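So for the sequence shown, the working numbering puts the first residue at 1223; every next one is plus one. Quick reminder that beta carbons are idealized off the backbone N, C-alpha and C, glycines included. Nothing here was measured: the structure is a model prediction, and the numbers come from that model. Notes follow the structure.
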Amino acid sequence: RKKKVKKIIFTSTEHVYGNNFNKLEDSERTEVFPKNYYGFSKLLAEKMLYSFYNKYRINIDILRIPRVIALNQSSFLHKMVKSAINKNIILIKNNNTKFNFIYIEDLIFAMNQCLKKKSTGFRILNVFNNSKPENLKMLAFKIKKEINKKVKIFFSKETHKDHNPKNLFHAGYLVQ
């Protein structure tokens, strides 16, 4: 109150949805149930912000975002594109791993839009580039099509650990 804050923009995560999250439309119909401590801590912060909003009536936008991708860095997507262009191959280690993602430029645009809109009350916004998770196999085929040259896609037979941490005890239940 002393600083006269007019608005808070908080970046949360898709991990608040846990395993119930298959596509964005489901997020509005399903109670959130985080599958890991990261998602749980973000959900707790969201609830604290909601209490803060109710008490002080400061405008709050919560942006629930997935993995942030910058194409000029060493993200998994950048590595796939670079390998396809330079080596004409894409090696997929776990083709069933699914990702939601947002490009950094789109996230910055969304934040700027939130800043422009002063009086928003309390909002939770899903900010994604894709409407449902993409598996690595489908991403590889999309990259191959976009590059429009002969790119071979290889699949590793090894099994790899899921990239998301698991095993959260939540309200007496083990979430896996």
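### Message
My assumption, with CB atoms under 8 Å, is that LYS1257 sits in contact with HIS1237. Please give the rounded CB distance.
### Response
7 Å
### Query
When DSSP labels each residue in this structure, what does GLY1394 get in the three-state scheme?
Annotation note: pLDDT 35 at GLY1394 (below 50); position unreliable, coordinate value reported separately. Note: GLY1394 maps to coil in three-state DSSP.
### Assigned secondary structure, VAL1290 (DSSP; H/G/I helix, E/B strand, else coil)
strand
### SER1378 - DSSP class collapsed to helix/strand/coil
coil
### Message
One question on the structure: do LEU1322 and LYS1354 come within less than 9 Å of each other, judged by their Cβ atoms?
### Response
Note that residue 1322 is Asn in the sequence shown, not Leu. For ASN1322 and LYS1354, yes; Cβs fall inside 9 Å.
### Query
Cα separation between VAL1373 and ARG1345?
43 Å
### Message
In this structure, how does DSSP classify GLY1356 when only helix, strand and coil are distinguished?
### Response
For the sequence presented, residue 1356 should be read as Glu rather than Gly. Strand at GLU1356.
### Message
Buried or exposed, going by whether 16 or more other CB atoms sit within 10 Å of the CB of GLN1398?
### Response
Residue placement at GLN1398 is flagged as unreliable, the pLDDT there being 31, under the threshold of 50; the coordinate-derived value follows with that caveat. Exposed, by the Cβ-count rule.
#### Entry: Start and end residues, beta strand (DSSP E) containing LYS1229
1229-1235
### Task
With a threshold of 16 other CB atoms inside 10 Å of the CB of ARG1376, please say whether the residue is buried or exposed.
Arg is not the amino acid found at residue 1376; the sequence shown has Phe there. Per the 10 Å Cβ criterion, exposed.
### Message
Need the endpoints of the alpha helix (DSSP H) that TYR1239 sits in, please.
### Response
No alpha helix (DSSP H) contains TYR1239, which DSSP labels as neither H nor E.
### Secondary structure, alpha helix (DSSP H): runs of 4+ residues fully inside the segment 1316-1366
1326-1338
### Message
Quick check on ILE1311: does DSSP put it in helix, strand or coil?
### Response
strand
#### Entry: Proximity winner among THR1233, TYR1239, VAL1227, LYS1366, relative to ILE1401 (alpha-carbon distances)
Residue coverage of the chain in this structure runs from 1223 to 1398, which leaves residue 1401 outside it and unanswerable.
### Query
Terminal residues of the continuous alpha helix (DSSP H) containing SER1297?
Element bounds for SER1297: n/a, residue is neither H nor E.
### Task
With DSSP as the reference, please indicate the residues paired to ILE1284 in a beta bridge.
PHE1232, ILE1346
### Task
Could you round the C-beta distance between TYR1325 and ILE1291 to whole angstroms and report it? I think they count as a contact, below 8 Å.
5 Å
### Message
Suppose you measure from the CA of LYS1371 to the CA of ILE1231; what does that come to, to the nearest Å?
### Response
42 Å
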